Structure formats: C-alpha cells, structure tokens
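In this note's numbering, the protein residues as written are 830 to 1246. C-beta: ideal position from N, C-alpha, C; glycine also. Every value quoted in this text rests on a predicted model; they were computed, and no experiment measured them. First comes the structure, then the notes that go with it.
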Amino acid sequence: MDADGDALMWRRFMSFDRGVRLLMVNQFAINLGFYMLMPYLAGHLSGGLHLAAWAVGLVLGMRNLSQQGMFLVGGTLADRLGYRPVIIAGCLLRTAGFGLLGFVDTLPALLAASAMTGFAGALFNPAVRAYVAHGAQERRVEAFALFNVFYQAGILLGPVIGMALLAADFRLVCVVAAGVFAALTLLQATALPPCRDETRRREGVLADWRGIATNRRFTAFSLAMIGSYVLSFQVYLALPLHLADSRAVSVLFVLSALVALLGQLRVTDWARRRWTSAQAIARGLALMALAFVPLIPYAVTGVPAPTAVVLVCAVLLSLGTVLTYPFEMDTVVALSGGHRVATHYGFYNTVAGLGIAAGNLAVGRLLDLGPVWAWTGLVLTGAVSTLAVVRLDRGPGAYGRRSRGRTRRTAPAGTPP
C-alpha cells in the first residue's frame, strides 16, 4: 500500500471510537493466532500423533461443527449478556483450546480441545460484528470495509509466523497462538468499553429465534447469500485441488489476501458513490460467478488450466468478496431493524455454514464427474444468488434503497423503536 493509502487507512481508523478501533485490532490478532496454528494441525495429528485419517477428519470437523452449529447461541448470549463479556469469554476459551491442542494426544481430549476452539468462535464472532455495527452507526459500511483489511492482514501473516515456529516445535506454535488469545482476553477485559443491545425483552430465547426465522426479508437474504460463501470457499477447495502445487497454492492465498488489503477501502468508496447496497452486493456476486468462466474452456477441451488463469480466478473472487462484504454486513443490521443484531449475525452465520457444507459436498461430487461440471455449477450458483439479491431489492420494502454517495440513516443496533 502506498503512503497515501496508508494515511487514508490511518485517518479512517482513528475516526472511529475506541471500542471499534480495538475490535479491528482484535480481529487482526484473532486471525493471526488462528491461522498461525490451524493450517498445520492436520499435519501434526497425522504425522506427529499418527492418528488415522478418519480421526484427523473428526477432530477438524468437530471444530467446524461446534462453531457453525453454535453461532446462533453465541449471538443470543451476546444480545442478552452484552457484547463485551461474550467477546472476552470467547477469547479466553480459545486460549484454553489452543493450549490444549499442543499438549494432549488422546482422541477424546483432542475432540474436547477442538470443540472449545470452535465454540469460542461462535461466541465472539457475532458479538464483535454487532459491537462494530453499534459503534459505527451510520458509518457501518465504512467500518466493515476497514474491519476486513485487518481481517485479511491476520490471514496473510498468521501462516508465515506459524511456519517459522513450526520449524522448532508444534507445541511452540500452540503456546504462541494461545498467548495471542490470552493477551487479547486481558486487553479486552481492561480496555474494551461495555456495549450491549438495550432492547427490553419480555419474551424468551425461542420467541426471539422464531421472530428472526419469520423475518422473511432477512431469511430470504440469508439464503440468497449462501452462494457467495460457497464460491469464496473454493479458494480453499476446488482451486487448490486443481493446482496440485503447494507453491502455487501459497501464491493463490497470498494474492487473495493482498487484493483485500490493497483494494478494500478504494473499492468500497468507489461503490458507495455509484450504487445502493443491494446493487453493490449483486455486482459483487456477479463478479464472483464470472471468476470461474475462464476455467470452463480448458475443462471442455480436457487441458488443465494454466496457473495464471487459476490465479486470475482467485483475484476476481477476492474482488467480488471485497465489493460485497461491507454492504452485506450492513444489510444484516438494516434487515434486523437494529434489534437483536448479534442474534441475527449468529443466524446468518449458521445459514452460511450449513450452505458451505452442502455446497462443498456438491462441488466435490461435481469435481469427481469432471471439472467442467464443477466450474459450470459454480457459475450458475453465483448467477442464482445474484438474481435472488436483485429480486429482493425490487420487492416491497426493499433494503437497498440508498442515496448514492452517502449511507441512509438506520436505527443503530440496540436503539429502541
């Protein structure tokens, strides 16, 4: 990033209140610690502990299941107990889970540690996003754009640091990663201001969940956005499988992160001047769908796509995500009406997680049938999601009606009607 870009990011960062700034740094450290350890866990389980492949899959699957399956619970706790204590509890739980992963070697203990790390994410992820939305208020799109820069920076640096530590010992990786989360726990306990949804609740948790599930525009948007998560996840599944070269895969990950780091604020500012939220989301989805089009001719002829073409696909996917993400996060708040925001994020993340699981299963099956089926299926998935978002925006009470160049005022999270 050039000097002007650095100055722009710093000014944007300092323009937010202390809580939002702290959570942006927090998200960088969360991803730093997570990606420092998780890419190398499977190798430790199979090579270091000599677990069977099914056991390795079970341990890794437990983390995903405990996170995706408990997002709704984590969001509900955040809305009812306050965002700050749930964020702190999540970081503390991940400290314990990552520490255990380096020092236990039995399957039950490994499953418990993996479940702890997953549930930790289910606690702090919805709470962090709800806190950022509350603190940013009408600047939510801008805040989430900057949030994604910190998010991607952690993804970029985490594996590099983890690889350096792995040269000494896997336990050292676990200790340092746990130390990152311990430091975060202490920092947030001492410096993060309290924040919560102040809406008075006269009904129970199940009534809250029913209210969210029957919010037709919100649930329709959640379902429409599944395609974006299935497409973006192919950076970790279909594209690496196609490359089958560890160095090229490393370049793919680095390139994807750099696109977000260097382009997020510029792309978001450019889109806000021209489009409504729904238009930006739809165009981002369309770009993600088009990313797979260059791979289809090679698949039809049976010739493997060159590495450069696969990298172009990854760049287009990353650009689509960069364009979509801030407006998507803002739309979740807008459709929630500013109430039970963390619970809405929890529900949204749960739907996305289930969609990723089903989508990856389908993509894997299509890859077995032939790459042309997989790439075509992904293009169609993106097209369907794009059309669904466009249709929602044209319906009654459309969520994307915003003046170009500025953000419409909506009730901030936690503001009573």
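Problem set entry | Cβ-based burial, residue 1022 [other Cβ within 10 Å; buried from 16] | exposed
Exercise. Which residue comes first and which comes last in the alpha helix (DSSP H) that contains residue 965?
Worked result: Counting along the chain, the alpha helix (DSSP H) containing residue 965 begins and ends at 936-965.
Problem set entry | residue 1170 beta carbon less than 8 angstroms from that of residue 1162 | yes
For this session: Whole angstroms is fine: what's the gap from residue 1115's alpha carbon to residue 1059's?
Result: 13 angstroms
Problem set entry | Secondary structure of residue 1005, DSSP reduced to three states | helix
For this session: Throw me the rounded Cβ distance for the residue 923 and residue 1010 pair, which I believe falls under 8 angstroms.
Result: 5 angstroms
Exercise. DSSP on residue 1080, reduced to helix/strand/coil?
Worked result: helix
Problem set entry | Close Cβ partners of residue 1143 (< 7 angstroms) along its chain, the five nearest in sequence each way excluded | 1064, 1068, 1081, 1084 and 1085
Exercise. Which first and last residues belong to the alpha helix (DSSP H) in which residue 1204 is found?
Worked result: 1200-1223
Exercise. Roughly how far, in whole angstroms, is the beta-carbon of residue 1041 from the beta-carbon of residue 1176, given that I think they are within contact range, below 8 angstroms?
Worked result: 5 angstroms
For this session: Compare the Cα-Cα distances from residue 989 to each of 952, 1112 and 867 and report the closest residue.
Result: 867
Exercise. Between the beta-carbon of residue 904 and the beta-carbon of residue 1154, is there less than 8 angstroms?
Worked result: no
Problem set entry | Straight-line gap, residue 945 to residue 1079 (C-alpha atoms, nearest Å) | 28 angstroms
Exercise. Any idea what DSSP makes of residue 1032, helix, strand or coil?
Worked result: coil
Problem set entry | Burial state of residue 1105 (16 or more Cβ within 10 Å) | Around the C-beta of residue 1105, 16 or more other C-beta atoms lie within 10 Å, and the residue is accordingly described as buried.
Exercise. Considering only residues of the same chain and omitting the five flanking positions on each side of residue 852, which have a CB-CB separation below 7 angstroms?
Worked result: 957, 960 and 961
Problem set entry | Cβ-Cβ distance between residue 1055 and residue 918 below 8 angstroms | no
Problem set entry | Pairwise C-alpha distance: residue 849 and residue 1215 | 31 angstroms
Exercise. Which same chain residues, not among the five before or five after residue 999, have their C-beta less than 8 angstroms away from its C-beta?
Worked result: 869, 873, 877 and 931
For this session: Would you mind reading off the limits of the alpha helix (DSSP H) that contains residue 1062?
Result: For residue 1062, there is no enclosing alpha helix (DSSP H), as DSSP marks it with neither H nor E.
Exercise. At what residues does the alpha helix (DSSP H) containing residue 973 begin and finish?
Worked result: 969-995
Exercise. In this structure, does DSSP put residue 1071 in helix, strand or coil?
Worked result: helix
For this session: Entirely within the region 1100-1182 and at least 4 residues each: give me those alpha helix (DSSP H) ranges in chain order.
Result: 1106-1119, 1124-1130 and 1136-1165
For this session: Determine the direct distance from the alpha carbon of residue 929 to that of residue 1001, and round the result to whole angstroms.
Result: 12 angstroms
Problem set entry | Coarse secondary structure for residue 1024, derived from DSSP in three states | Residue 1024 sits in coil when the DSSP states are folded into three classes, being neither helix nor strand.
Exercise. In whole angstroms, what separates the C-alpha of residue 1208 from that of residue 1195?
Worked result: So the two alpha carbons sit approximately 13 angstroms from each other.
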